[in-house]
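In order, the protein sequences belong to chains A and B.
Here the first sequence is numbered in the numbering used here, starting from 29 and rising by one per residue.
Here the second sequence is numbered in the numbering used here, starting from 29 and rising by one per residue.
Virtual Cβ for every residue (Gly too), placed ideally from N, Cα, C.
In this text, all values refer to a predicted model and were calculated from it rather than measured experimentally.
Protein chains: 2
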Amino acid sequence: MTKPGLLIVFSGPSGAGKDTVLKRFLDENPDCALSVSATTRAPREGEVDGENYFFITRERFGELTAMGEMLEYAYYNGNYYGTPKDMVEEQRARGKNVILEIEVQGALKIKEMGIDAVFIFLMPPSWKTLKQRLANRNTDSPWNVAERLNIAVTEMESAHLYDYIVVNDDLDACTAQMKAVVAAAQCRAEYCRELVEEVLRDAQTIHVSDN
Amino acid sequence: MTKPGLLIVFSGPSGAGKDTVLKRFLDENPDCALSVSATTRAPREGEVDGENYFFITRERFGELTAMGEMLEYAYYNGNYYGTPKDMVEEQRARGKNVILEIEVQGALKIKEMGIDAVFIFLMPPSWKTLKQRLANRNTDSPWNVAERLNIAVTEMESAHLYDYIVVNDDLDACTAQMKAVVAAAQCRAEYCRELVEEVLRDAQTIHVSDN
């Protein structure tokens, strides 16, 4: 029987390098996969249903949330975005460790729900680095950068609520930390309960003096 | 400033391979060190004070326990054995991750005391393997093997009280698991609090629009 995969919740402020870290991490760890979100927004050119997003109608989105079928969801810029439970569970049942890259608010909701997950927060190595990274993104206006920095502060104020903090200073070191956290999560005592129970069961049935 | 090392409590039944795993792990991880116990028993030939044990008198041992200076201690075969707090703290202050290889009872006492430590339990891959490993130790009489197996069952019944369970099936895989657990423990959110506080402090003092 395949051991079910972990649910990994991954957050961090804009500019911490979430996408870069995840890309590298997923390249090196084929037992992990990014969760695919559902959205009510229209597909952009080149986007594939079930790969970039599950593109669903507002009606369907409403049904899923009403039935408690969304792990978390958010309304952003006129559209709904959410994580369908069944998609995550189906991947985990096949032994994949599923990574949810979500905002702090969504992550804390999942934590409050008592869902068993590994919560990882990606930190920049310093405030200066975060500012520089955001300033170097030419896509953002100065106002936008200031706004992102304000949000970053709010998000980092919740970092201590996560299980683990990995620091994106050096990309190699950071992905190695992620890998260690995921490997260690698979060694958590509750995750290994079945093996312990099996050995103890055998201890009762296979008599000490048998050979 | 050096970050203080972790306290790692390591237990497992006789025959699980604690010494083999630890030897390999310590060879590969020079940032970790085994704690040196204090004992009231006389040194055996070749044993070095401060290396194999701290050899102390019964009076001194009594003083240290009375002053709460022992992290844990036990009476075994006519002698006392214990872990002196100051030795552990001195090593941790120098950044070493200190490993305490102790019995389940001592480990659970440390846990009850609320001491911040990483609790790792070493499991054999199966009951059959554990039996074989103990039977192959020619030093033990059959009665002794049976006794050790009974104790092993009692100990494994407490495995779920540890933070992590590592399985000694393949030595390479097992030491890799230990390494991941220690690396992940260094990423625990409470262990990284200082970095987060520093970044948030800088966010207040270095104004958003500064360059």
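Would you mind working out which of B:V37, B:I36 and B:S42 sits nearest E175 of chain B, comparing C-alpha positions? B:S42
Can you grab the Cα-Cα spacing for the pair F38 of chain B / A145 of chain B, in whole Å? 10 Å
Please name the residues in the segment 193-206 of chain B whose beta-carbon is closer than 7 Å to at least one beta-carbon of chain A, in chain order. I193, V194, V195 and Q205
In whole angstroms, what is the alpha-carbon distance linking E97 of chain B and P170 of chain A? 58 Å
Where does G110 of chain B fall in DSSP's three states? G110 of chain B falls in the strand class under three-state DSSP.
Please give me, in chain order, every unbroken run of the beta strand (DSSP E) with length at least 3 that falls completely inside the segment 57-109 of chain A. 60-62 and 98-104
By Cβ distance below 8 Å, which residues in the same chain neighbour I148 of chain A in space, the five residues on each side in sequence not counted? I36, V37, F38, S39, Y190, D191, Y192, I193, V194, M206 and V209
Where L152 of chain B meets chain A, residues with beta-carbon distance less than 8 Å: Note on identity: in this sequence residue 152 of chain B is Pro, with Leu being the wrong assignment. Here the neighbours are V227.
Length of the line joining the Cα atoms of E117 of chain A and E100 of chain A: 14 Å
Where I130 of chain A meets chain B, residues with beta-carbon distance less than 9 Å: Within 9 Å Cβ-Cβ: nothing; I130 of chain A doesn't reach chain B, min ~17 Å.
Grouping DSSP H, G and I as helix and E and B as strand, with all else coil, what is I179 of chain A? helix
Less than 7 Å between CB atoms is the rule here; does D59 of chain B satisfy it with respect to chain A? So no, D59 of chain B is outside the interface.
Within 10 angstroms of the Cβ of P71 of chain B, are there 16 or more other Cβ atoms? Answer buried if so, exposed if not. exposed
Which residues of chain B have a Cβ atom closer than 8 Å to the Cβ of I234 of chain A, listed in chain order? W155, K156 and K159
Residue ranges of each beta strand (DSSP E) run of no fewer than 3 residues wholly in the segment 199-237 of chain A, ordered along the chain? DSSP runs (the beta strand (DSSP E)) wholly in the segment 199-237 of chain A: none.
Quick one: which chain A residues come within Cβ less than 7 Å of Y190 of chain B? A217
Kindly indicate which residue of A:A187, A:L158 and A:K51 has the alpha-carbon position closest to the one of D197 of chain A. A:L158
May I ask you to list the residues that DSSP assigns as paired with L34 of chain B? According to DSSP, which records beta bridges pairwise, L34 of chain B is partnered with nothing at all.
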